[in-house]
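**Q** Residues 4 to 520 (my numbering) are what the sequence shown spells out, left to right.
Below: one structure in structure tokens.
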Amino acid sequence: MRQVRSYLRDSWVSGQEPSTPLYDAGTGELFAQTSTRGLDLAAALAHSRAVGGPALRKMTFAERGDLLRQWSEILHGARDELIELARMNSGNTRSDAKFDIDGASGTLAFYASLGKKLGDRTWLLDGPTEPILRSSRFVGQHLLLPRGGVAIHINAFNFPAWGLAEKAAVAILAGMPVFAKPATSTAAVTARIVELWAEAGAIPSGVLSLLSGSAGDLLEHVGALDAIAFTGSGDTGRMIRGHHRVLEWNVPVNVEADSLNAAILGPDVEPGSDTFQMFVSDVAKDMTQKAGQKCTAIRRILVPVDLVDAATEALVDRLSQAVIGDPDARATTVGPLATASQQRDILAGIRELSQSAKLVWRAEAVPEKGYFVAPHLFRTDDGLSATFVNDREVFGPVATILTWSGAASEAVDLLARGGGGLVSSLYTDDVDFAREVLLGAAGWHGRLVWGSKKIADQSFGPGTVLPGFVHGGPGKAGGGEELGGERGMRFYMHRTAIQGDRALLERAFGGLGTAQS
Ligand code: NAP
């Protein structure tokens, strides 16, 4: 039986029995187990703070970037092995696994390049020097320095590779050691990646720790200079934010949570046009890729009432081409969900959705063995007053068409009705309509994608999170923000204003900020 181990204090360890079983999502058969019971998490965090932190803070951005480049190359080199493991552990089709694994190596490579660009420094200047008195000698300069604790990363089950990499890349480039805790159910993929890095001698002492399973008493050992980045459900996010240690030590917490992402078809779009096809293909992709288990997947499809027949027909036509089944088979486009409990939750969500919306289409021929759920497309004409569809995310291959009048202001109200989202996409070639929707919806979203005929052949859909752009959203989406190049690093850095003599400061820090820096 494969034992999924944790990497603490530079060693591979397992917790005490009883272990938690991990199942092959495609067959429901037991394939691995893990336990974190009794592991000394206080000592592990202390080691990261005492050894990993100081080592990273001495490294320049270029050196930290070089470490990330090694991680990216090692991960890419083991792509085939990881794809096979993701098939078993997460039920990923080959293409779904590639999305996760290539996203991870790509994000690491992006931050490696950023490190090279930031060069031989160990801190960032924040803005220009500012005079304090009339004379130009006494000045102040804001500096951004790595926080002195550990970056604790608690991740969701759906991106075991990318989730690890996207958080670790940013924290390590900023100069913080990482303590990664993947979701128990899909920890095998994450653990294998860390194993590959450790085997290659690419983890400096204390720089990366891994807890492959339940968090246990982890939060009881959080300290003043630590930072927590969490991805998962809103309920767990609230629990972490409200934890007594987090409150007592004012530990910053970044939350990426639920999101009722929308796609809006503009009233100007002709059925069959490039913009229309782009809309159809983005919606169908988001409903089927990773069996709909992407935080960025489209859940609400806003279609003007005049276009609803054409849009429904085109969507059903495209969705009907999906092949649901064995994730190992080349022809399969929709694999199972990651776990039995996900399957139960999504089937319950579908039952609730059926009470408030009309079923338009569902896939046939879904395997009985394994954690499969048939893709479902619903429709409601209740707009803002539709309850379940605007309030609850069904985290699977499920989406609902909401009809609306075609007025931009109504689209904005419907977008806002989701209560804050990660990303929404708009499909229109009408600039005035687009401007009104984008400006009206921006405050409710971390990211907006404007699909038009100009980029119809270039876009990979709103569901792909890019390392140079922010990922996160207000309200229900957690109120967090990750990635975005240098922007994401600021969460892991502390801003200090240093006041003194300009010439001495310049000598101490090898140059100060100018209006341009
Ligand atoms: P979850 O139950 O909240 O779990 C997320 C993570 O939190 C897991 O690692 C889990 O560990 C951990 N956790 C649970 N209880 C904890 C505790 N008491 N202390 C510390 N850690 C704890 O969410 P999920 O079911 O895995 O994920 C599904 C949800 O995540 C969906 O609602 C989806 O919207 C959201 N999501 C959001 C994003 C985003 O970027 N915004 C991305 C992906 C998913 P265990 O596995 O060991 O319980």
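All C-beta atoms, glycine included, are put in the ideal place defined by N, C-alpha and C.
1. Quick one: Cα of GLY68 to Cα of THR110, how far?
2. Over what stretch of residues does the beta strand (DSSP E) that includes THR364 continue unbroken?
3. Could you tell me whether the Cβ of PHE463 comes closer than 8 Å to any Cβ of chain B?
4. Below 7 Å CB to CB, which residues in the same chain sit around SER359 once its five sequence neighbours on both sides are set aside?
5. Given that a residue counts as buried once 16 or more other Cβ atoms are within 10 Å of its Cβ, and exposed if not, what is LEU387?
6. Which two residues bound the contiguous beta strand (DSSP E) that contains GLN73?
7. Is any heavy atom in ligand 1 found nearer than 7 Å to the beta carbon of PHE182?
8. Which residue wins for smallest C-alpha separation from ALA317, given the options ARG302, GLU273, THR342?
9. Have a look at ALA115 and GLY106 and give me their C-alpha separation to the nearest angstrom.
10. Which same chain residues end up closer than 7 Å to THR189 when comparing Cβ atoms and leaving out the 5 residues on each side of it in sequence?
11. Quick check: what's the CA-CA separation for LYS372 versus PRO339?
12. How big is the Cα-Cα spacing for ILE175 and PRO370?
13. Buried or exposed, going by whether 16 or more other CB atoms sit within 10 Å of the CB of LEU37?
14. Taking the DSSP output, what are the residues bridged to GLY454?
15. Once DSSP output is grouped into helix, strand and coil, what is the label at TYR495?
16. Report the rounded CA-to-CA distance for ALA232 versus LEU147, giving the unit in angstroms.
17. Would you call the stretch 292-300 and the stretch 457-473 in contact, with 3 or more CB pairs under 8 Å?
18. With a threshold of 16 other CB atoms inside 10 Å of the CB of PRO21, please say whether the residue is buried or exposed.
19. If contact is defined by three or more beta carbon pairs under 8 Å, each pair taking one atom from either stretch, is the stretch 348-365 in contact with the stretch 324-333?
20. Helix, strand or coil for ALA35 per DSSP?
21. Helix, strand or coil: how does DSSP classify LYS528 here?
22. Alpha carbon to alpha carbon, what distance is there between PRO185 and ARG241?
23. Indicate the three-state DSSP secondary structure (helix, strand or coil) for THR291 in the structure shown.
24. With a threshold of 6 Å on Cβ separation, who are the neighbours of ARG244 within its own chain once the five nearest residues in sequence on each side are excluded?
25. In three-state terms, what does DSSP make of PHE381?
26. Using a Cβ-Cβ cutoff of less than 7 Å, which residues in the same chain neighbour ASP271 once the five nearest sequence positions on both sides are dropped?
27. Looking only at its chain, what residues have a beta carbon closer than 6 Å to the beta carbon of LEU167, apart from the 5 residues adjacent to it on each side?
28. Measuring from the CB of LEU42, is there a heavy atom of ligand 1 at a distance below 7 Å?
29. Can you tell which of THR335, SER462, HIS448, MET496 has its C-alpha closest to the C-alpha of PRO477?
30. Mind checking LEU88: buried by the 16 CB within 10 Å criterion, or exposed?
31. Where does the unbroken alpha helix (DSSP H) through ASN393 begin, and where does it stop?
32. Taking the straight line between their C-alpha atoms, what separation do you get for ALA53 and GLY151?
33. Could you name each continuous beta strand (DSSP E) segment of 3 residues or more that falls completely within the stretch 434-488, going from the start of the chain to the end?
34. With a threshold of 7 Å (Cβ to nearest heavy atom), would MET533 be considered close to ligand 1?
35. Hey, out of LEU78, GLY399, ALA287, whose CA is closest to TRP200's CA?
36. Could you check whether the Cβ of MET492 sits closer than 7 Å to any heavy atom belonging to ligand 1?
**A** Once the coordinates are examined:
1. 12 Å
2. The sequence as given places Trp at residue 364; Thr does not occur at that position. It spans 361-365 - the beta strand (DSSP E) in which TRP364 sits, taken as one unbroken run.
3. Among the chains of the structure shown, chain B does not appear; only one protein chain is present.
4. THR383, ALA389, THR390, PHE391, VAL392
5. exposed
6. Unbroken run through GLN73 is the alpha helix (DSSP H), 64-80; no beta strand (DSSP E).
7. no
8. GLU273
9. 14 Å
10. ASN92, SER93, PHE160, PRO163, ALA341
11. 10 Å
12. 43 Å
13. Going by the sequence as given, residue 37 is Thr instead of Leu. THR37 is buried by the Cβ-count criterion.
14. TYR430
15. helix
16. 19 Å
17. yes
18. exposed
19. no
20. strand
21. Outside the displayed span of the chain (4 to 520) sits residue 528, for which this structure offers no information.
22. 18 Å
23. helix
24. VAL256
25. strand
26. THR431, ASP432, ASP433, PHE436
27. ALA183, THR193
28. no
29. HIS448
30. buried
31. 391-394
32. 9 Å
33. 448-454, 473-476, 483-486
34. Here the chain covers residues 4 to 520 and nothing more, so residue 533 does not appear.
35. LEU78
36. no
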